[in-house]
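Novice:
Numbering (our numbering), first residue to last: 30 to 497.
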């Protein structure tokens, strides 16, 4: 066994290494400056709202007050396969971070061996040994700390990426559901119009048989009727495609999913007033980009640490014998302990290139982060502008529907009195149909704009959960 006097220099060296390990090379992280306008161009439509029960939970889609939509979003959040991939990437990032943290600790190993050497026919040499080895590389220059810092930032970025994927899946389900319900309502409107057109066509045919109208009116009525029947098939095809899209988002095969038609649109949620900057900062893609900058910054420290000497302390102890039984009966003991210092003197520019590459990757991530923030501001402005404009358009479109329906009634009365041709009736009916279908589209666009706004500010309109 080694005496205290023998081990004293080693212990002093280890203590010195521990004190020096407080040193960390490389730049300390500072979040980059980004564009932060004091106000938005299109935020005049925001207003205060009473507290919503769903706001604190993050279930922003519940603002549409549709039970079927809630069920679909929750199923997609649990079963979507793209989301499962993001979750697996997060677990891999967690494992990587745990792996880098292992660099803080000593490494312990054990060995046992036996060899047999036949030197001559009459002499056989046998040798056995068993040993324990321990080695530790103190983090003198902070290389391990910087690597842990980089991997921790990457882990946080992976968590934000998981949230971004989840938000995109939720948004996709909401948009597809809105499209489905809009198509259902379009189908109902077209069927109602088709029934009215069939009555008009029958009336025209009767008037033709009575010699009141010309054959041209009959052809015009039949043409309009057939056009509307054809439009029904287009709506059915669009609905089938949208339903299959929802099935894929839910992680189901299309054959295993169907959603019964329901010509009812979700409620258009009111848009509350909040501080846009606070909400944009929590967007998952913004967090991902910012954490990528932090990880790249720490990687510069890892590259700089490669220029400095590697210091390690190792110790081993064990026993030797001629056969395995000798190891436990009367072994020959051995031990060794000591520090080592290693420095690369020439590497052909490898370390310089690695440091330059780390700095370049940092610059790339800073630019990407700033661009992501600008894109976020653009998305919020677009959503706010669309929301405000569609709100006014919905009012005007409702008025247009009223005028078109009134005009259709007047034209039909004039036609029955023989004052106009069926062409004017057909024009009036198509005007009403187009006005009603456009009204559905405007409502669907309002719903989609509200969903896009929720996504553009990180999912939802509440900031209470981010404070404190």
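No residue lacks a Cβ here, since even glycine has one placed at the ideal position from N, Cα and C.
Look at the alpha carbon of residue 86 and the alpha carbon of residue 488, and state the distance between them as a whole number of angstroms.
Specialist: At residue 86 the pLDDT is 49, less than 50, meaning the model places this residue with poor confidence; the figure from the coordinates comes in the next sentence. The alpha-carbon atoms of residue 86 and residue 488 are separated by roughly 11 angstroms.
Novice: So, do the segment 155-171 and the segment 129-138 have three or more beta carbon pairs nearer to each other than 8 angstroms?
Specialist: With contact defined as three or more Cβ pairs closer than 8 angstroms, the segment 155-171 and the segment 129-138 are in contact.
Novice: Hey, quick one: how far does the alpha helix (DSSP H) through residue 368 stretch, first residue to last?
Specialist: Element bounds for residue 368: not the alpha helix (DSSP H) but the beta strand (DSSP E), 361-371.
Novice: According to DSSP, simplified to helix, strand and coil, what is residue 170?
Specialist: coil
Novice: Output yes or no for whether 8 angstroms exceeds the beta carbon distance between residue 93 and residue 298.
Specialist: yes
Novice: Between the Cα of residue 474 and those of 376, 401, 294 and 439, spot the shortest distance and give me the residue it belongs to.
Specialist: 294 is the residue among 376, 401, 294 and 439 whose C-alpha sits nearest the C-alpha of residue 474.
Novice: For residue 293, name the three-state secondary structure that DSSP assigns.
Specialist: coil
Novice: According to DSSP, is residue 109 part of a helix, a strand, or is it coil?
Specialist: Coil.
Novice: Do residue 379 and residue 336 have their C-beta atoms within less than 8 angstroms of each other?
Specialist: no
Novice: Measuring CB to CB, does residue 389 end up less than 8 angstroms from residue 429?
Specialist: no
Novice: Report all residues from its chain with a CB closer than 6 angstroms to the CB of residue 185; omit the five preceding and five following residues, and keep chain order.
Specialist: Residues 320 of the same chain have their beta carbon placed closer than 6 angstroms to that of residue 185, with the five preceding and five following residues left out of the count.
Novice: If you compare alpha carbons, which of 330, 95, 266 and 418 is closest to residue 172?
Specialist: 330
Novice: Run through DSSP, which three-state label would residue 88 get?
Specialist: DSSP places residue 88 in coil when its eight states are reduced to three.
Novice: Identify which residue in 122, 197, 59 and 56 has its Cα closest to the Cα of residue 109.
Specialist: 197
Novice: With residue 212 and residue 281 assumed to form a contact (beta carbons below 8 angstroms), what rounded beta-carbon distance in angstroms separates them?
Specialist: With a Cβ gap of about 20 angstroms, residue 212 and residue 281 do not count as contacting.
Novice: In three-state terms, what does DSSP make of residue 137?
Specialist: strand
Novice: Identify whether residue 392 lies in helix, strand or coil by the three-state DSSP scheme.
Specialist: helix
Novice: Please go through the same chain and pick out, in chain order, the residues whose beta-carbon is closer than 7 angstroms to the beta-carbon of residue 434, but skip the five residues on each side of it.
Specialist: The residues are 461.
Novice: Which residue's Cα is closest to the Cα of residue 313: 101, 104, 58 and 115?
Specialist: 115
Novice: When you compare only the Cα positions, how much space is there between residue 440 and residue 229?
Specialist: 12 angstroms
Novice: DSSP on residue 93, reduced to helix/strand/coil?
Specialist: helix
Novice: If you run the structure through DSSP and keep just helix, strand and coil, what is residue 102?
Specialist: helix
Novice: Does DSSP put residue 528 in a helix, in a strand, or in coil?
Specialist: Given that the chain is displayed from residue 30 to residue 497, the structure contains no residue 528 and the question cannot be resolved.
Novice: Just to confirm, is the Cβ distance from residue 309 to residue 54 under 8 angstroms?
Specialist: no
Novice: Kindly confirm or deny that the segment 261-275 and the segment 442-454 touch, where touching means at least three C-beta pairs closer than 8 angstroms.
Specialist: At 8 angstroms Cβ cutoff, the stretches do not touch.
Novice: When the Cα atoms are used, what is the spatial distance from residue 413 to residue 422?
Specialist: 14 angstroms
Novice: Going straight from the alpha carbon of residue 163 to that of residue 89, what length do you get?
Specialist: 54 angstroms
Novice: Could you tell me which residues DSSP puts in a beta bridge with residue 209?
Specialist: In the DSSP output, where bridge partners are listed per residue, residue 209 has none listed.
Novice: State the beta-bridge partners of residue 165 as determined by DSSP.
Specialist: 342
Novice: DSSP three-state label for residue 350, please.
Specialist: Residue state for residue 350 is assigned as strand, using DSSP reduced to three classes.
Novice: Taking the alpha helix (DSSP H) that residue 330 belongs to, which residues open and close that run?
Specialist: Segment 313-334, the alpha helix (DSSP H) holding residue 330.
Novice: Taking the beta carbon of residue 375 as the centre, do at least 16 other beta carbons fall within 10 Å, making it buried, or is it exposed?
Specialist: Exposed, since its Cβ has fewer than 16 Cβ neighbours within 10 Å.
Novice: Can you tell me the Cα-Cα spacing of residue 251 and residue 219, whole angstroms?
Specialist: 16 angstroms
Novice: Based on the DSSP output, what are the partners of residue 445 in its beta bridges?
Specialist: In DSSP, residue 445 forms no bridge with anything.
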